[in-house]
Each structure stands twice: as structure tokens, then as C-alpha cells.
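Worksheet: one structure, shown below.
Residue numbers (my numbering): 5 to 487.
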């Protein structure tokens, strides 16, 4: 098998950026098609089934992807044994998750046969596809070849749009639409495993890599809580609000949730690098790269939050039409969550790659417990606007917790968290105070403010100029050779 050459962080970010931008655009198109085709009642039902599918999809991994990245970053790691062991564990988990997951669905929705059937049609192909996708993306993330991770995402999103378009054209019922939704994930999952098999030999009869079991409990629980958090809203408010209201909340939530994939690009490129720095005892380098990650994640989160906050009503009207305008206020509130979650991911990855996964898990558990009460209380009192406020508040609680658990908390706060959160607050306040009368002035003000922060921050400025210089040098070299 050929040995894959690792890409640089900048190159991996580039590959993840264009692939995530394209896949996010396709996913948004699929979301628009689905919301316009299904009524709010059926879209609410689909959202509940989708929440179960995503949680079950994660349970087939149980935090093993982070463990595989940790073990694969060690010197002398046998990738064939590691990936073979990973595949065997995933198959066992998949069977167990299907049995337990559908048992829970039947017990919690005994009288709702339609929702149970919707869950079967969506979950079986989708969870199988998510399992196979995860095997592919984990291997190529470990190999630091994010171009293949991006390709798997693009194939999944393209299949999703094609499948849903076909279903709508032929006026298929919502159960078949759910099946097509799940099959798109399965198609890209099969492609991902095929690409892995071309780069590393997978042997079912090979010996088991015992390192996969080290700290697996902490990684499993932490990963489950991370996946549960974005889907907690629909699962809780389904019990406190009508399904039509759940559908409106789901539409509002899906937009920032899809756009959150852009900050995750940076985190995905840094994750194996942070593991490698810590495993080689380069603690100062680990801290500096983690601070850089927080800054870049915060900048990308702010860039997404501002237009969503300022133009939530126009965005909902443009994408979904007047019938979904009730989702505009929740979208405005949830836009703040994007920046908070972007910073949270950077802080949490810093803990995980430093061997402090237990602290990350404890904070996530606290956020989940607080989230259950917040979603129940605020949705009962203030409807979907209250539910949206609960979602943003949960991320604020998690941010405080991750920061407190960081051994270098004061350095991280001084260099990254305080200045970039201050930038976010100033920008949102400027929109709230002056946006109605001076739309374009406020947008230009915030753009110039972002540019000013980048110029003041020597590290970010140096990184940008170095990247531009390298690209210019490569282009000039190619031009010279061509001449």
C-alpha cells in the first residue's frame, strides 16, 4: 500500500474550506427543498427522527475516532492493525445501537406509529452511512489529507440534493423521502471505505489494537454529549410545544448548524497537529497552536454570526418564504451561538489533545443537564424564542466551563478569548443600535473592525502574510518554469 504524504495545516484548511463551502451550500439547498415540500408538522416529525439518527450515528463511533487519531499520531503506529481493529469495533457497535436505539424509539413514542415508521425509513440507511463515512474521514484526518475528507462530504451532499430533487419531482411520500435522505449518506460512506481500502490493508483476522480501549469511557461519554447537545432542542421541546412549532425551531436551528461547519474546518486541520505536539512533549508549541486555533475559530464564528443576526428575517423569507417567518426571531438569537460554539470547540480540543478529556466530558455533561432544564422552562414560558435563547445560553455555560478547566486559562483569556469576545459584543451592539437606519454603514464598520483586529494581532497577520507569500512564490515559480 502506498504511503500518503501529509499536507500542511494551510493546505488542509484550504481543502476543507472549499469542500465544506460546497457541501454546506448543497445541504442548504436540500434543507430548502425539504422544508418547502413538507408541511411544518411533517418537518417537525422528520427533525425528531433526524435527531435520533445523528445520536445513534455517533454511538456507532463512541469516541473512537479521537482515540484512533491519538494512537495513529504515535511513532511506529501500525495503521493496518489500527484501522482493522477500528472497523471491527464499529461493526459490533452498529448492531448494538440499532437494537437499543429502536427499542428507545418504540418505548418513547408508543402511540405515534407514523413517527416510528419515519424513524425506521430514515435511520437504517443513514446510520449505516454515517458509520462508513466516519471510518473514511477518520483515516484521512489521521493521515492529514483533508482533500479526501472533503470529497466524502461533497459526494454525500450532492447525492442528498439529487435524491431529494428526484423524490419531489415524482411527488413521493415523506417516508420515501426520508429513505432517500438516508441513502445519500450511505452512498458517500461506501465511497469513503473504498478509498481507505486503497491506502491501507484492512484485515478482519488481524490482532486487536489494545490502545483503542485506553480511556475509551471518557471519550465515549464526551463524544455522546457533544453530539447530543445540538439535537437536544428538538428532543425536549417536542414534549412542550406542538410539532408545527418544533418544525419552525428546527428550520431556524438548521441554518447556524450548517454554517458552523465552516469554523469546524479550522478545528479539523489543527486536531491531529495538536495531538502530535502533545505526544512529542512540545507543550509550548501545543499552547501556541491552541491559541491560534481559538483566534481563527472566533473570527470565522463572528463572520457568520453578524449577517445572520442582522438579516434573520430576510434570510428566512428568501430561503423558505413567508410561511416560515416565525423562525426569524429564533434564528437571530441562535446566530450568537455560532461564535460561542466556535470558541468552545477550540477550547475543548485543547483539553482533549492534552490528555484532559475527562474535564471536557464533565463540562459537556453539565451543559446537557443545564440544557434540559433551560429548554423545558424557557420553551414553556416563551415558545420557540425561549428555546432559541436556551440554546445560546448552553454554549455560554460551556465556554465558561472549558475556560476554567484549562491549565493555561489566563494566558488563553488574555491572548484570545477576551479580545475576540469583546469584538463580537461590540459588533452585535452596533447592529442592534444603528442597523435599521444605516444598514451599509454598519456592515462596513464591522468589516473594518475585523480587518483592524487582524492587523493588530501580530500572529494572525503574520500567518496571513506568510500564506500569501508562499502562494505567490509557488505561482511565480510555476510561471518561470512554464516560461
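All C-beta atoms in this analysis are idealised placements derived from N, C-alpha and C, irrespective of residue type, glycine included.
**Alpha carbon of residue 71 to alpha carbon of residue 216, nearest angstrom** = Rounded to whole angstroms, the separation of the alpha carbons of residue 216 and residue 71 is 6 Å.
**Nearest-angstrom Cα separation, counted from residue 213 out to residue 5** = At residue 5, the pLDDT of 44 sits below 50, so the modelled position is not reliable; the number obtained from the coordinates is stated separately. Looking at the two C-alpha atoms, the distance is approximately 20 Å.
**Prompt:** By Cβ distance below 8 Å, which residues in the same chain neighbour residue 313 in space, the five residues on each side in sequence not counted?
**Reply:** 336, 339, 340, 432 and 435
**Asked** Taking the continuous alpha helix (DSSP H) assigned at residue 174, which residues delimit it?
**Response** Taken as a continuous stretch (DSSP letters only), residue 174 belongs to no alpha helix (DSSP H), as it is neither H nor E.
**Request:** Determine the burial state of residue 163: buried for a count of at least 16 other Cβ atoms within 10 Å of its Cβ, exposed for fewer.
**Result:** The residue in question, residue 163, is buried, as its Cβ has 16 or more Cβ neighbours within 10 Å.
**Asked** Is residue 254 near residue 41, with beta carbons less than 8 Å apart?
**Response** no
**Prompt:** With 16 other CB atoms within 10 Å as the buried threshold, where does residue 170 fall?
**Reply:** exposed
**Message:** Taking only three categories from DSSP, how would you classify residue 212?
**Reply:** Here residue 212 carries a coil assignment [DSSP, helix/strand/coil].
**Message:** Would residue 241 and residue 376 be called neighbours here (beta carbons separated by less than 8 Å)?
**Reply:** no
**Prompt:** Alpha carbon to alpha carbon, what distance is there between residue 269 and residue 332?
**Reply:** For residue 332 and residue 269, the distance between alpha carbons rounds to 27 Å.
**Item:** Contact set for residue 83: own chain, Cβ-Cβ below 6 Å, skip 5 residues either direction
**Value:** 204
**Message:** According to DSSP, simplified to helix, strand and coil, what is residue 290?
**Reply:** helix
**Request:** Rounded to whole angstroms, what's the CA-CA distance from residue 60 to residue 452? Just pull it up for me.
**Result:** 44 Å
**Message:** If you reduce the DSSP assignment to three classes, tell me which class residue 359 lands in.
**Reply:** coil
**Request:** Mind reading off the beta-carbon distance from residue 357 to residue 364? Whole number of angstroms is fine, and I expect it under 8 Å.
**Result:** In fact, because the Cβ distance is near 10 Å, the residues do not count as touching under 8 Å.
**Request:** Determine the extent of the alpha helix (DSSP H) in which residue 139 is found, giving its start and end residues.
**Result:** Run containing residue 139: 117-146, per the alpha helix (DSSP H) assignment.
**Message:** In this structure, how does DSSP classify residue 261 when only helix, strand and coil are distinguished?
**Reply:** In this structure, residue 261 counts as helix in the three-state DSSP scheme.
**Message:** Whole angstroms are fine: how far does the CA of residue 125 sit from the CA of residue 280?
**Reply:** 41 Å
**Message:** For residue 100, report the span of its alpha helix (DSSP H) as first-last.
**Reply:** 83-112
**Request:** Ignore the nearest five residues each way along the sequence and tell me which others in residue 410's own chain have a CB closer than 7 Å to its CB.
**Result:** 351, 354, 355 and 416
**Message:** If contacts are defined as beta-carbon pairs under 8 Å, then residue 347 and residue 380 qualify, I think. What distance do you get, rounded to the angstrom?
**Reply:** Residue 347 to residue 380, Cβ: 26 Å. No contact.
**Prompt:** What first and last residue would you give for the alpha helix (DSSP H) that runs through residue 69?
**Reply:** 68-76
**Request:** Go ahead and pull the three-state DSSP assignment for residue 412.
**Result:** Of the three classes helix, strand and coil, the one that applies to residue 412 here is coil, per DSSP.
**Message:** Along the chain, where does the alpha helix (DSSP H) containing residue 501 start, and where does it finish?
**Reply:** Since the first and last residues shown for the chain are 5 and 487, residue 501 lies out of range.
**Cβ neighbour criterion (16 or more within 10 Å) applied to residue 414** = Residue 414 counts as exposed, since fewer than 16 other C-beta atoms from the protein chains shown sit within 10 angstroms of its C-beta.
**Prompt:** Helix or strand or just coil, what does DSSP make of residue 217?
**Reply:** helix
**the stretch 116-130 contacting the stretch 151-161, beta-carbon criterion three pairs below 8 Å** = no
**Spatial neighbours of residue 329 in its chain, beta-carbon cut-off 8 Å, leaving aside the 5 residues before and after** = The beta carbon of residue 329 lies closer than 8 Å to those of 317, 320 and 321 in the same chain, with the five residues before and after it left out.
**Message:** Need the endpoints of the alpha helix (DSSP H) that residue 42 sits in, please.
**Reply:** Careful: residue 42 lies outside any alpha helix (DSSP H) and carries neither H nor E.
**Request:** Report yes if the C-beta distance between residue 238 and residue 51 is below 8 Å; otherwise report no.
**Result:** yes
**Request:** Could you check which residue in 418, 372 and 23 has the C-alpha nearest to that of residue 160?
**Result:** 23
**Item:** Delimiting residues of the alpha helix (DSSP H) encompassing residue 329
**Value:** For residue 329, there is no enclosing alpha helix (DSSP H), as DSSP marks it with neither H nor E.
**Prompt:** Going by the CB atoms, is the gap between residue 179 and residue 142 shorter than 8 Å?
**Reply:** no
**Asked** Are the Cβ atoms of residue 32 and residue 262 separated by less than 8 Å?
**Response** yes
**Message:** Suppose contacts are defined by Cβ-Cβ distances below 8 Å. Is residue 91 in contact with residue 36 by that definition?
**Reply:** Going by beta carbons, residue 91 and residue 36 fall outside the 8 Å limit.
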